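Residue numbers (full-length UniProt numbering): 1 to 327. We put the CB at the ideal spot given by N, CA and C, even for glycine. Given the structure is predicted, the values throughout are model-derived calculations rather than measurements.
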């Protein structure tokens with residue numbers, strides 16, 4: 001009788017211990033595994049942006065970060081980069097000075113020789129080098145530079161093609177009106193300089209005191225639509241007008257004086273168009289993010305920077321040559 005009572009107890013005890021072991025062991029394994037995975041995640045370095053307003057998934061982030069690592073761009077005093085803000089000619093000149101070893105192609109006594117660039121203006125050395133290197137032109141018989149004018153995409157690409165000697169230049173014979181090149185989505189207007197805002201990159205000459213100078217500097221107002229626009233540069237071509245429709249669906253919007261430079265820059269894989277590489281938007285203002293992309297690709301062309309990794313999503317925005325054997 002006692003035996004019959006002990007047998008179920010023994011069986012039940014064995015079953016209980018087996019079930020307990022079968023349940024507890026996997027749970028402990030899961031806890032230990034989760035703990036190990038958590039430690040591994042903490043040990044893995046997370047991608048950090050150099051600027052709080054440039055998210056890692058921002059389309060131009062690889063270009064911006066690449067330039068930041070080379071100290072070509074450092075952003076504004078508050079640590080931001082402001083990638084969607086339009087870039088101005090003085091800022092673009094400063095970026096060129098920081099990015100390229102500028103070779104003098106034409107002489108200028110000083111960057112402040114222009115009537116709208118004061119002697120104490122923060123960007124005088126950058127303007128001087130950008131002009132001497134052929135990247136940026138002067139206007140109105142070399143009397144004006146328009147340092148605070150926002151740049152269009154066509155102007156920026158033309159600037160790089162000219163400075164990198166992808167095209168030859170000669171003085172244009174005629175002038176054109178400001179209204180002929182007004183961006184389609186925004187109305188051109190005089191822009192008051194943002195106080196305490198540094199440009200994309202600074203050189204040794206740009207000391208904190210220059211912030212006050214930039215805020216107080218008041219270059220003459222830009223001309224209105226009825227005033228004759230300064231003479232531009234036209235580009236020598238020994239071949240028929242290139243058919244840019246093979247690259248861009250809006251090729252008919254490209255200004256005639258920018259046709260050859262844009263073709264040359266496109267063939268050099270310098271042009272970057274977001275969100276659609278086949279849409280150039282040549283007459284729209286250039287954002288700082290897009291400017292960084294153009295400068296980065298220009299440095300790649302010059303052998304100064306490595307191309308983006310093949311798995312980088314940003315590669316899809318770099319304009320490639322048309323498919324071979326395409327009619």
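Specify whether the segment 112–129 and the segment 84–96 touch according to this definition: at least 3 beta carbon pairs, one from each stretch, less than 8 Å apart.
yes
DSSP on residue 145, reduced to helix/strand/coil?
On the chain shown, position 145 is the one that residue 145 refers to. Note: residue 145 maps to coil in three-state DSSP.
Unbroken alpha helix (DSSP H) runs of length 4 or more, entirely within the UniProt domain "SLH" (245–309): which are they?
259–267, 288–301
Rounded C-beta distance between residue 279 and residue 249? I'm assuming under 8 Å.
Here residue 279 is taken as the residue at index 279 of the chain shown, counted from 1. Here residue 249 is taken as the residue at index 249 of the chain shown, counted from 1. So it is a contact: roughly 6 Å between Cβ atoms.
Looking at residue 133: is its Cβ nearer than 7 Å to the Cβ of residue 102?
Here residue 133 is taken as the residue at index 133 of the chain shown, counted from 1. Here residue 102 is taken as the residue at index 102 of the chain shown, counted from 1. For residue 133 and residue 102, yes; Cβs fall inside 7 Å.
Given a cut-off of 7 Å on the beta-carbon distance, is the pair residue 159 and residue 135 in contact?
Locating residue 159 in the chain shown gives position 159, where the first residue counts as 1. Locating residue 135 in the chain shown gives position 135, where the first residue counts as 1. Yes; because the gap between Cβ atoms is below 7 Å, this pair is in contact.
Could you give the first and the last residue of the continuous alpha helix (DSSP H) run that contains residue 82?
Mapped onto the chain shown, residue 82 falls at position 82. Looking at the DSSP string, residue 82 is not in any alpha helix (DSSP H), and its letter there is neither H nor E.
Express the C-alpha separation of residue 143 and residue 74 in angstroms, rounding to a whole number.
Counting from one through the chain shown, the residue named residue 74 turns up at place 74. Counting from one through the chain shown, the residue named residue 143 turns up at place 143. Near 31 Å, if we compare the C-alpha coordinates of residue 143 and residue 74.
Give the secondary structure of residue 103 by DSSP, where H, G and I count as helix, E and B as strand, and everything else as coil.
Stepping through the chain shown from its first residue, residue 103 is reached at position 103. In the three-state DSSP reduction, residue 103 falls in the coil class, being neither helix nor strand.
In whole angstroms, what separates the C-alpha of residue 56 from that of residue 294?
In the chain shown, counting from the first residue as 1, residue 56 sits at position 56. In the chain shown, counting from the first residue as 1, residue 294 sits at position 294. Their Cα atoms are separated by approximately 19 Å.
For residue 150, which beta-bridge partners are listed by DSSP?
Within the chain shown, the letter at position 150 stands for residue 150. Note: residue 150 is bridge-paired with 88 in the DSSP secondary-structure output.
Please classify residue 104 as buried or exposed, where buried requires at least 16 neighbouring CB atoms within 10 angstroms.
On the chain shown, position 104 is the one that residue 104 refers to. Classification for residue 104: exposed.
Please classify residue 77: is it buried, with 16 or more other beta-carbons within 10 angstroms of its beta-carbon, or exposed?
On the chain shown, position 77 is the one that residue 77 refers to. Flag for residue 77 reads exposed.
I'd like the span of the alpha helix (DSSP H) that includes residue 124, first residue to last.
Along the chain shown, read from residue 1 onward, the residue named residue 124 stands at position 124. Per DSSP, residue 124 is one residue of the alpha helix (DSSP H) stretching across 124–132.
Report yes if the CB atom of residue 296 is closer than 7 Å to the CB atom of residue 63, and no otherwise.
Sequence index remark: in the chain shown, residue 296 carries index 296 (1-based). Sequence index remark: in the chain shown, residue 63 carries index 63 (1-based). Yes.
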